[in-house]
Structure formats: C-alpha cells, structure tokens
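Residue numbers (UniProt numbering): 1 to 548.
From the three backbone atoms N, C-alpha and C, an ideal C-beta is built for every residue, glycine too.
Working notes, beginning with the structure itself.
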C-alpha cells in the first residue's frame, strides 16, 4: 500500500499541474483576447469622439453668423412722407455708421419731371437742385444712389391722371400700364431719360416691374398675343426687354435691377428664352419671418439656370400691415436672420450682389401712410447688424445700437410693450411720440372691449338714455385723462413731425391717425355725459323720446 500511494500522488500532481498549465494558458488567451478587444473598443471610442468633434465643428461653422458681402442698400420710399432735404444731412451719416453702403430712392411723384411731364409730379415734389444735394450728401458718406422708376405695375401716380387714362391696361384701375399701347414707349422713354439725367453717377437703376396684376387683358394686348402667338409670360418679357433697351440707349453701362415676383412662376424655358441673364439682375424679395422655407429650393434651382448675379430684398418696416405705425422689430429681425440662412445655403450657386432693405411708406399710391422712417430707424440699425455678422440675442437689443441712437431705455427698442426707448437720434422725438400715441390708442381700445362698455354703453343704451350709471362711470374713469393726454400728444407730434416733414405730411398723419381717435373719444365722452345726466328712466318699451 505504501508503494502505491506515491504513484497515485504523482499522478494527481501531474494532472493538477496539467490543469494549472491549461488554466493559465486559457487565462492568458482570455486576457490577450479581451485586451485586444478592449484596445479596439478604445480606438473606436477615440475615433467616435473625434468624429463627433468634427461634426460639432462643422455644425458650429454652419451655424456661426456670416456677414453679407454685397451692397447693403436702404430703401427710401418717397411716395409717402418724403423727408425735408435737411433731414438727409443727418440721415446719411447715420446710415453709413449702421453699415449701409447705398440707398434705393423710389421717387414716384416726388421726382421733378419736366417738359411734357411737368404735371405728373406732385405739387410739393423735390427740385432738381434738391436731388443734386441728395446725390452730393450720399457721395460724401460713401453711399451709392440707386434710383427706382416704375415701368409696368404701380404706375398709379401717372395713370390716375386724365391725360394718361388711356394707357391703363384695365380702364377702371390705374395700376398697370398697357405694354402694347403706342404711347407707352414714348412715355417711359421720357421718364427714364429724365431720371438718368438727374443721377449721372449712378451705376444701377431699378425698373420696378413688381405686382403687375393686370396683364394681357385689354383688347390691344389680346390682339397682339393672338397675332404673335404670345403667352402672358412672353408679353411680360417683351415689355421688360423694351424697357431695358430704353435704359441702355441712354446709358449703355448702367446695371438694370428689377423685382423678381412676376417671373417666379415662369417655366424654365420661359426664363431661358428671356435672355434676362445678360440684361438684368433680379431682386428676389420676401418680407416674412421664414424666407428659407417660403421661397423653397425649387425657385433657387430655377434661377441658377439663368442668373449668376442676384440681389435680395428684406424689410425693416412697412410689411406687416398697411396702417401699422410702429414696426414689429422681432418680425423684421427674424426676416433678416432667415435671409442670411438663404445666403449661407446658396452662396456657392449665386453671387449675392446686394441686399435692398426695404422700408415701404405706403402699400401703393392710394394707401395711407404706414410706419414713418424715424420710427423704423432702430429696427433698421439692428437689421444691418445681422447683415454685418453680429450674433445679437433676439431677446434683447444690442448695447451698441442703444449707444449709437442715444437711447435711455434700450429694451424698448424691441417693441413698445417695454415702453419708450427715449432716443436722441435725428427724428427720435417722432419715435417717442408715436409710441406714446400708440399706447394711448391701445388703452382706449381696451375700454371699448370692456364688457361694461358693450353691455351698458351700446348704441342702443345711448340712443334711449337707459343704462346702469355705476357701470358707465367705472368703465370711463380714465376717459378724461386719455382725452387730455391725446391733446398734448397731438401738439407734441405736430411739432416733432414738422422737424422732419413738410406740412402736407404732418397734416396727413394727424388726419389719418390722430383725428379718428380724437373723434371717437369725444363721441364717447359726450355719450357718457348724456347717460349720467339721467336720474329717472321711462317704462319699457321705449319710444323716440326716451331721453327726455
């Protein structure tokens, strides 16, 4: 037995050693395997992090605001509230400091037409000497002057007149000129010649051509279309080519600009056959908050087949309502941010040669005045900062603008909900008093919406002197103060407006906005006095003498 035990022990030890060796081998293999797997995972993680960093960097580059490299042109719409010439002495240096490089001047009937067109101009039109002074001031501050002359639509200022009534495309409406009338070319030729002569140094001219609502309607045009097998698009193209020919006849080297909206619906074939790419640079306009999506990629795909040089047009006022008096700053700033997204997206396909920052003063020749130029200056300044590449917060105005405009309450630049900005820039008092007027008007409108007003001061209540006097007195508590404040604001507004505008503009603004409010307040005041004068009331039903 003693002999066998050592043998068994040696066998056990031998097997144990074998198991240990195998275990160690497997352990080494596992460690080696998992170390390789681990190092591979680590490498993948590093690569993933690096990839994420690259994506992040690309995202930051894409999202980082860029500056607009082309012309930055401010639109001055003179078909309403044309400023006094002296105001340009203060305005142009301010525009230059904002970063503007030019002005687009839409004269309409403020241009001093002469000879056989002398009766086309407004009786308070600028003189040629005034225009020379505007050109001089612009040059002094390195601002390019681009005159705009309407040549198709928006010719109300001429076609409204008896002498030119026969040139209307639709006899009832003086908006659009007939492109096939034999006297149309003669009229446009004279207008273009005089406009170019008054702007000898201008390198660009804008021929309008937007919103041609009536085309190919009159008998003359329909006959021409049938005779020459023309569509409305081709009729439009033929007229624009004729206008361009007239312009080039007087100045072969000038660049012609035109609004693009009328050929947005053109087929690619129509655009290609227009030959516009060699003769005109389109100004693609959109004033909404989401330009990128609303214009859409199909428009840019179509345009890139024809145009290399394009202009775009944004807005700093005059695009959210025909009778607005204070710009919605957030709307217009978002419009510019959206446009910059478009520029970033399509800068490889197009040369964005310039942007026209429009500031409409009337929606058309017959419309009332909308936001006045001095009231829109803060929004214009903030819009230009976006174009210059500044990444300002949309929730607060930039301090640089507040300092430049000398504003005591910068947050009010975002909107009148924050009060009045109390600025001291040229025309700043107009802004101040217009904001106060709007606040007063809103306060009065809140009274009109009060249920006590609707329930106890209706026309029926007033007509029959039948009401709850307590409700009348409580709802009109602030009416006397509003009435007094309006009288004061009317005086202050008249004075401030007179610093910038002639008496005709001052009278028009007061008549359009202040007097209707004044009348309404006085009517309500008289109605209140009539109602509270009663202490006894008749039995129902009422007769015509209920108030006696």
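Using a Cβ-Cβ cut-off of 7 Å (strictly less than) and excluding sequence neighbours within five positions of residue 78, which residues of its own chain qualify?
Residue mapping note: residue 78 aligns to position 78 of the chain shown, counting from 1. If we look at residue 78 and ignore the five residues flanking it on each side, its Cβ neighbours are 105, 106, 107, 108, 110.
Those residues which DSSP pairs with residue 281 across a bridge
Indexing the chain shown from 1 puts residue 281 at position 281. Answer by DSSP bridge pairing, in chain order: 257.
Residue 312 - partner residues in DSSP beta bridges
Start at 1 with the first residue of the chain shown, and residue 312 comes out as number 312. In the DSSP output, where bridge partners are listed per residue, residue 312 has 284, 355.
Out of curiosity, what's the CA-to-CA distance linking residue 531 and residue 461?
As a working note, residue 531 is residue 531 in the chain shown. As a working note, residue 461 is residue 461 in the chain shown. If I take the Cα positions, the gap works out to 8 Å.
Where do the N-terminal and C-terminal ends of the beta strand (DSSP E) with residue 177 fall, by residue?
For the purposes of this step, residue 177 is identified with residue 177 of the chain shown, where counting begins at 1. Its beta strand (DSSP E) spans residues 173-177.
Does residue 229 pass the burial test, meaning 16 or more other C-beta atoms within 10 Å, or should it be called exposed?
Against the chain shown, residue 229 aligns to sequence position 229. With fewer than 16 Cβ atoms within 10 Å of its Cβ, residue 229 is classed as exposed.
Residues in its own chain within less than 6 Å of residue 539 by CB, not counting five upstream and five downstream?
Walking along the chain shown from the start, residue 539 turns up at place 539. Around residue 539: no qualifying Cβ.
Mind checking which residues open and close the beta strand (DSSP E) that includes residue 146?
As a first step, residue 146 must be located in the chain shown, where it is residue number 146. From DSSP, the beta strand (DSSP E) with residue 146 extends over 144-148.
Run of the beta strand (DSSP E) containing residue 76, from where it starts to where it stops:
Counting from 1 along the chain shown, the entry for residue 76 is found at position 76. From DSSP, the beta strand (DSSP E) with residue 76 extends over 71-77.
To the nearest angstrom, how far is it from the Cα of residue 259 to the Cα of residue 435?
Position 259 of the chain shown holds residue 259. Position 435 of the chain shown holds residue 435. For residue 259 and residue 435, the distance between alpha carbons rounds to 33 Å.
Quick one: what's residue 168 bridged to in DSSP?
As a first step, residue 168 is located in the chain shown; it is residue number 168 there, counting from the start. Looking at the DSSP assignment, residue 168 forms a beta bridge with 177.
Please report how far the alpha carbon of residue 51 lies from the alpha carbon of residue 338, in whole angstroms.
Along the chain shown, one-based indexing puts residue 51 at 51. Along the chain shown, one-based indexing puts residue 338 at 338. For residue 51, the predicted structure reports a pLDDT of 40, less than 50, and the residue's modelled location is therefore unreliable. A value from the coordinates is still provided. Within the model, the alpha-carbon separation for residue 51 versus residue 338 is close to 29 Å.
Going along the chain, which residues of its own chain have a beta-carbon closer than 7 Å to the beta-carbon of residue 512, five neighbours each way excluded?
Taking the chain shown and counting its residues from 1, the one referred to as residue 512 is at position 512. Cβ within range, chain order: 368, 369.
Check the DSSP bridge columns for residue 423 and list the partner residues they point to.
In the chain shown, residue 423 corresponds to position 423, counting from 1. Beta-bridge partners of residue 423 (DSSP): 407.
Within 10 angstroms of the Cβ of residue 143, are there 16 or more other Cβ atoms? Answer buried if so, exposed if not.
Along the chain shown, one-based indexing puts residue 143 at 143. Buried: at least 16 other Cβ atoms inside 10 Å.
What separation, rounded to the nearest whole angstrom, lies between the Cα atoms of residue 489 and residue 441?
On the chain shown, position 489 is the one that residue 489 refers to. On the chain shown, position 441 is the one that residue 441 refers to. Using only the alpha carbons, I get a separation of about 11 Å.
Quick one: does residue 203 have its CB under 8 Å from some CB of chain C?
Given the protein chain composition of this structure (a single chain), no chain C is represented.
Top-ranked residue by Cα proximity to residue 313, from 69, 73, 145:
Locating residue 313 in the chain shown gives position 313, where the first residue counts as 1. Nearest C-alpha to residue 313: 73.
Around the Cβ of residue 236, are there at least 16 other Cβ atoms within 10 angstroms (buried) or fewer (exposed)?
Locating residue 236 in the chain shown gives position 236, counting from the first residue. Flag for residue 236 reads buried.
Take residue 425 and list the residues in its own chain whose beta-carbon comes closer than 7 Å to its own, dropping the five residues that flank it on each side.
Here residue 425 refers to the residue found at position 425 when the chain shown is read from its first residue. Same-chain partners within the cutoff: 94, 377, 405, 406.
If we ignore side chains and look at the alpha-carbon of each, how far apart do residue 155 and residue 371 end up?
Counted from its first residue, the chain shown places residue 155 at position 155. Counted from its first residue, the chain shown places residue 371 at position 371. Approximately 22 Å, taken between the alpha carbons.
Residue 537 burial status per 10 Å Cβ neighbour count (16 or more: buried):
Counting from one through the chain shown, the residue named residue 537 turns up at place 537. Counting Cβ neighbours within 10 Å, residue 537 comes out exposed, since fewer than 16 surround it.
Identify which residue in 350, 344, 387, 393 has its Cα closest to the Cα of residue 357.
Start at 1 with the first residue of the chain shown, and residue 357 comes out as number 357. Closest option to residue 357, Cα to Cα, is 387.
Out of curiosity, what's the CA-to-CA distance linking residue 361 and residue 332?
Within the chain shown, numbered from 1, the residue matching residue 361 stands at position 361. Within the chain shown, numbered from 1, the residue matching residue 332 stands at position 332. Rounded to the nearest angstrom, the two C-alpha atoms are 15 Å apart.
Using the C-alpha atoms, what's the distance from residue 364 back to residue 502?
The residue labelled residue 502 in the question sits at position 502 within the chain shown. The residue labelled residue 364 in the question sits at position 364 within the chain shown. If you take the alpha carbons of residue 502 and residue 364, they lie about 20 Å apart.
Secondary structure of residue 317, DSSP reduced to three states:
Position 317 of the chain shown, counted from the start, is the residue given in the question as residue 317. Strand, per DSSP.
To which residues of the same chain is residue 304 closer than 6 Å at the C-beta, ignoring the five residues directly before and after it?
Position 304 of the chain shown, counted from the first residue, corresponds to residue 304. Correct list, in chain order: 349.
What residue ranges within the segment 461-493 form continuous alpha helix (DSSP H) runs of no fewer than 4 residues, ordered along the chain?
469-475
With distance defined between alpha-carbon atoms, name the residue in 263, 202, 269 nearest to residue 283.
In the chain shown, counting from the first residue as 1, residue 283 sits at position 283. That would be 263, whose Cα lies nearest to the Cα of residue 283.
Check residue 249 in the structure and name its three-state DSSP category.
The residue labelled residue 249 in the question sits at position 249 within the chain shown. DSSP places residue 249 in helix when its eight states are reduced to three.
Tell me whether the segment 124-134 and the segment 180-189 touch, counting them as touching only if at least three CB pairs, one residue from each stretch, are closer than 8 Å.
no
Could you check whether the segment 215-228 touches the segment 288-295, counting it as contact only if at least three pairs of C-beta atoms, one from each stretch, sit closer than 8 Å?
Using a Cβ-Cβ distance cut-off of 8 Å, the segment 215-228 and the segment 288-295 are not in contact, since fewer than three pairs of beta carbons, one from each stretch, lie closer than that value.
Using the C-alpha atoms, what's the distance from residue 439 back to residue 445?
If you number the chain shown from 1, residue 445 lands on position 445. If you number the chain shown from 1, residue 439 lands on position 439. Going by the C-alpha atoms only, they are around 10 Å apart.
Limits of the unbroken alpha helix (DSSP H) element including residue 375:
As a working note, residue 375 is residue 375 in the chain shown. It spans 373-387 - the alpha helix (DSSP H) in which residue 375 sits, taken as one unbroken run.
Out of curiosity, what's the CA-to-CA distance linking residue 227 and residue 384?
By one-based count along the chain shown, residue 227 stands at place 227. By one-based count along the chain shown, residue 384 stands at place 384. Rounded to the nearest angstrom, the two C-alpha atoms are 50 Å apart.
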